[in-house]
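Student:
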Amino acid sequence: MAHCSFFEANMCAALACVAHHCGGHLKFNNVQSKVESILCKNKFLPRFGYAPQSDLNGTVIPFSQYSRNFDDKAYQHLELLLQPNTFHAVTAELKKELYRHLLEVYCNAAIHSGDNDVPVFLCGQYYPYKNVLIFTIADPGIGIPANVSDFRMKMQGEFIRFSNGQTGRRIKLFDDTESVKWAMTGRNSTKPDLGGIGLKTTRDFVVANGGKLTIVSGDCFVQFSGTTEDYRTMNGKFYGTCVSIEIKTNRF
Amino acid sequence: MSSNAATAELVVTDVLGKSLCISASDGEVLRDRLIAMLDSGAKVALSFAGVSMIISYFLNVAVGQLYGKFTDDKIANQLTITGLDDSDQSLLERVVENAKNYYANKAQHDIAWQEVMGTDDEAE
Chain A
-12 MAHCSFFEAN
-2 MCAALACVAH
8 HCGGHLKFNN
18 VQSKVESILC
28 KNKFLPRFGY
38 APQSDLNGTV
48 IPFSQYSRNF
58 DDKAYQHLEL
68 LLQPNTFHAV
78 TAELKKELYR
88 HLLEVYCNAA
98 IHSGDNDVPV
108 FLCGQYYPYK
118 NVLIFTIADP
128 GIGIPANVSD
138 FRMKMQGEFI
148 RFSNGQTGRR
158 IKLFDDTESV
168 KWAMTGRNST
178 KPDLGGIGLK
188 TTRDFVVANG
198 GKLTIVSGDC
208 FVQFSGTTED
218 YRTMNGKFYG
228 TCVSIEIKTN
238 RF
Chain B
177 MSSNAATAEL
187 VVTDVLGKSL
197 CISASDGEVL
207 RDRLIAMLDS
217 GAKVALSFAG
227 VSMIISYFLN
237 VAVGQLYGKF
247 TDDKIANQLT
257 ITGLDDSDQS
267 LLERVVENAK
277 NYYANKAQHD
287 IAWQEVMGTD
297 DEAE
């Protein structure tokens, strides 16, 4: 990491997904001192042998790892993670809504990651001089595109009989961006029963607050801010799902 | 739960023994109680007083799935929900709207799900 002069602390959740896919063989070398300080304060690099550092400013939301079926414990852990310094100026209503949507994103990750053993990572950072609080929740699971594309192909595929006599579906392929758009409509779900409004309600909350919601999965990047939906196709793929919630702490 | 001749009150914190409405499994507990009461013809006043956190995954199961079991009219006539603040109420309304849309198109959704999960043979 010799050429990395800044690393957003919350993105440790995404970096942890990369480490997960490396099967524990990832090592960090030549970490610049400023970056090392950030990632040691939030307890990420200590997982890789670095010495932990104290967060004297109370602005760190430590790196955490959750498993599935952690619902109530996740809520209780959130209350421990968020230090009084972070929330002294935040209204009770905003705090409640933030917790709600962090849990919505966590549950979404836990349900859709595709494997019981896939962890969910959370990390955040408070920027008091900007009145901004950022959380990132990421999982190294199969990702939104794989979930949605499989489901949509089956939904919209047309049964045909091939020349060899076998039957199957004529499938229209969907790219990662189409899949994420589908998931964000608020009425679609790949679950076997009701669902599908969690991410949509989270988007509405964040946008109403004046913040940003960023989702990366597969090669799709999308950021919701105000009335803008900025969809981009990345050069590479993120194997999993990464959701970042950025809120203004001085607004509801 | 207390009751009078007209309406039985069901307090969520009493049913679950806690103030968190997060997990689907807790939603199932509440849903099953509601189904039994609505099935019996009782009018139910469901109180969320004292609940500190509700998310959609819980509400989808606890309340949304009622719309797959009962008609909208039966639910409207027999179930009232109280104790929600404005943001919780807004979430509930979205869950109910989503449930109505889902159950209106359930057959199509379920077929697609079974195919994804490989639980049918895709035979014509």
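The listed protein sequences correspond, in order, to chains A and B. Every letter in the first sequence is one number past the one before it in my numbering, and letter 149, counting from 1, is 136. For my numbering, count along the second sequence from 1 and bump the result up by 176. No residue lacks a Cβ here, since even glycine has one placed at the ideal position from N, Cα and C.
What does the Cβ neighbour count give for A/T188, buried or exposed, with the cut at 16 atoms within 10 Å?
Tutor: Locating residue 188 of chain A in the first sequence gives position 201, where the first residue counts as 1. A/T188 comes out buried.
Student: Can you check the stretch 243 to 277 of chain B for any beta strand (DSSP E) of at least 3 residues that lies completely inside it and give the ranges in chain order?
Tutor: Listed in chain order, they are 255 to 258.
Student: Going by the DSSP bridge assignment, what does B/A221 pair with across the sheet?
Tutor: Reading the second sequence from its first residue, position 45 is the one you call residue 221 of chain B. Per DSSP, B/E185, B/T256.
Student: A/T201 lies in the beta strand (DSSP E); which residues open and close that run?
Tutor: Along the first sequence, read from residue 1 onward, the residue named residue 201 of chain A stands at position 214. Per DSSP, A/T201 belongs to the beta strand (DSSP E) from 199 to 212.
Student: Taking just the CA atoms, how far does B/A182 sit from A/I234?
Tutor: Here residue 234 of chain A refers to the residue found at position 247 when the first sequence is read from its first residue. Here residue 182 of chain B refers to the residue found at position 6 when the second sequence is read from its first residue. Roughly 46 angstroms between the two C-alpha positions.
Student: Strictly under 9 angstroms for the Cβ-Cβ distance: is B/I231 near chain A by that measure?
Tutor: As a working note, residue 231 of chain B is residue 55 in the second sequence. It does: the Cβ of B/I231 has a partner Cβ on chain A nearer than 9 angstroms.
Student: Taking Cβ positions only, does B/I251 come closer than 9 angstroms to chain A?
Tutor: If you number the second sequence from 1, residue 251 of chain B lands on position 75. By this cut-off, B/I251 is not an interface position.
Student: Just to confirm, are B/G203 and B/L235 a CB contact at a threshold of 9 angstroms?
Tutor: On the second sequence, residue 203 of chain B is found 27 positions in, with the first residue counted as 1. On the second sequence, residue 235 of chain B is found 59 positions in, with the first residue counted as 1. Cβ distance < 9 angstroms, so B/G203 and B/L235 count as in contact.
Student: Along chain A, in chain order, which residues have C-beta atoms closer than 7 angstroms to that of B/R270?
Tutor: Walking along the second sequence from the start, residue 270 of chain B turns up at place 94. Correct list: I184, T188.
Student: Going by DSSP in three states, A/F108 sits in which element: helix, strand or coil?
Tutor: Along the first sequence, one-based indexing puts residue 108 of chain A at 121. Strand, per DSSP.
Student: Where A/Y62 and A/A79 are concerned, what is the direct C-alpha to C-alpha distance, given to the nearest angstrom?
Tutor: Here residue 62 of chain A refers to the residue found at position 75 of the first sequence. Here residue 79 of chain A refers to the residue found at position 92 of the first sequence. Computed Cα separation, rounded: 15 angstroms.
Student: Which one of B/A252, B/G259, B/D215, B/K250 has the shortest CA to CA distance from B/V227?
Tutor: Locating residue 227 of chain B in the second sequence gives position 51, counting from the first residue. Looking at the Cα atoms, B/G259 is the closest of the given residues.
Student: Taking the alpha-carbon positions, what's the B/T295 to B/L267 distance?
Tutor: Residue numbering aside, residue 295 of chain B sits at position 119 when the second sequence is read from its first letter. Residue numbering aside, residue 267 of chain B sits at position 91 when the second sequence is read from its first letter. Because B/T295 carries a pLDDT of 44, less than 50, the predicted location of this residue cannot be relied on, and the following value inherits that uncertainty. Near 33 angstroms, if we compare the C-alpha coordinates of B/L267 and B/T295.
Student: Can you have a look at A/T228 and say buried or exposed, based on whether 16 or more other CB atoms are within 10 angstroms of its CB?
Tutor: Taking the first sequence and counting its residues from 1, the one referred to as residue 228 of chain A is at position 241. Flag for A/T228 reads buried.
Student: Check this for me: beta carbons of A/C94 and A/A3, under 9 angstroms apart or not?
Tutor: Against the first sequence, residue 94 of chain A aligns to sequence position 107. Against the first sequence, residue 3 of chain A aligns to sequence position 16. No; because the gap between Cβ atoms is not below 9 angstroms, this pair is not in contact.
Student: Which residues, in chain order, does the stretch 91 to 110 of chain A contribute to contact with chain B at a C-beta distance below 7 angstroms?
Tutor: For the stretch 91 to 110 of chain A, which is checked against every Cβ of chain B, the residues closer than 7 angstroms are E91, C94.
Student: Under a three-way DSSP split, which group does A/G11 fall into?
Tutor: For the purposes of this step, residue 11 of chain A is identified with residue 24 of the first sequence, where counting begins at 1. Note: A/G11 maps to coil in three-state DSSP.
Student: DSSP state of A/Q52, grouped into three classes?
Tutor: The residue labelled residue 52 of chain A in the question sits at position 65 within the first sequence. Of the three classes helix, strand and coil, the one that applies to A/Q52 here is strand, per DSSP.
Student: Give me the DSSP bridge partner(s) of A/T220.
Tutor: Indexing the first sequence from 1 puts residue 220 of chain A at position 233. A/T220 pairs with A/C207.
Student: Please confirm whether any heavy atom of the ligand SAM lies closer than 8 angstroms to the CB of B/Q241.
Tutor: With respect to small molecules bound, the structure shown includes none, and the ligand SAM cannot be examined in it.
Student: Output the distance between the C-alpha atoms of A/K199 and A/T164, rounded to the nearest integer angstrom.
Tutor: Here the question's residue 199 of chain A lines up with position 212 in the first sequence. Here the question's residue 164 of chain A lines up with position 177 in the first sequence. Distance between the alpha carbons of A/K199 and A/T164 is about 18 angstroms.
Student: So the beta strand (DSSP E) A/V119 belongs to, where does it begin and stop?
Tutor: The residue given as residue 119 of chain A occupies position 132 in the first sequence. Counting along the chain, the beta strand (DSSP E) containing A/V119 begins and ends at 119 to 126.
Student: For B/S232, which option in B/E185, B/S201, B/K282, B/A218 has the closest C-alpha, if you only look at C-alpha atoms?
Tutor: Position 56 of the second sequence, counted from the start, is the residue given in the question as residue 232 of chain B. It is B/S201 whose Cα lies nearest to the Cα of B/S232.
Student: Looking at the C-beta of A/N56, does it have a partner C-beta in chain B at a distance below 9 angstroms?
Tutor: One-based indexing of the first sequence puts residue 56 of chain A at position 69. Output row for A/N56: interface = yes.
Student: Between which residues of its own chain and B/V271 is the CB-CB distance below 8 angstroms, once the five residues before and five after are set aside?
Tutor: Taking the second sequence and counting its residues from 1, the one referred to as residue 271 of chain B is at position 95. Excluding residues within five positions, the ones whose Cβ falls inside 8 angstroms are S232, L235, N236, V239, G240.
Student: If you follow the alpha helix (DSSP H) that A/C94 is in, where does it begin and where does it stop?
Tutor: Within the first sequence, residue 94 of chain A is the residue found at index 107, counting from 1. Here the alpha helix (DSSP H) through A/C94 covers 79 to 99.
Student: In its own chain, which residues sit with a C-beta less than 6 angstroms from the C-beta of A/D217, not counting the 5 before and 5 after it?
Tutor: The residue labelled residue 217 of chain A in the question sits at position 230 within the first sequence. Closer than 6 angstroms at the Cβ level, and outside the excluded window around A/D217, lie Q210.
Student: Relative to the alpha-carbon of A/I202, which residue among A/F161, A/D126, A/T236, A/C9 has its alpha-carbon at the smallest distance?
Tutor: The residue labelled residue 202 of chain A in the question sits at position 215 within the first sequence. The shortest Cα separation from A/I202 among A/F161, A/D126, A/T236, A/C9 belongs to A/D126.
Student: In chain B, which residues lie with their C-beta within 8 angstroms of the C-beta of A/E84?
Tutor: Sequence index remark: in the first sequence, residue 84 of chain A carries index 97 (1-based). Correct list: S263.
Student: Report all residues from its chain with a CB closer than 8 angstroms to the CB of A/L32; omit the five preceding and five following residues, and keep chain order.
Tutor: Walking along the first sequence from the start, residue 32 of chain A turns up at place 45. Cβ neighbours of A/L32 beyond the five flanking positions: F15, V18, E23, L26.
Student: Who pairs with B/C197 in a beta bridge, going by DSSP?
Tutor: Position 21 of the second sequence, counting from 1, holds the residue named residue 197 of chain B. Paired residues: B/I230.
Student: How long is the line joining the alpha carbons of A/E84 and A/H64, rounded to whole angstroms?
Tutor: The residue labelled residue 84 of chain A in the question sits at position 97 within the first sequence. The residue labelled residue 64 of chain A in the question sits at position 77 within the first sequence. When rounded, the distance between both Cα atoms is 16 angstroms.
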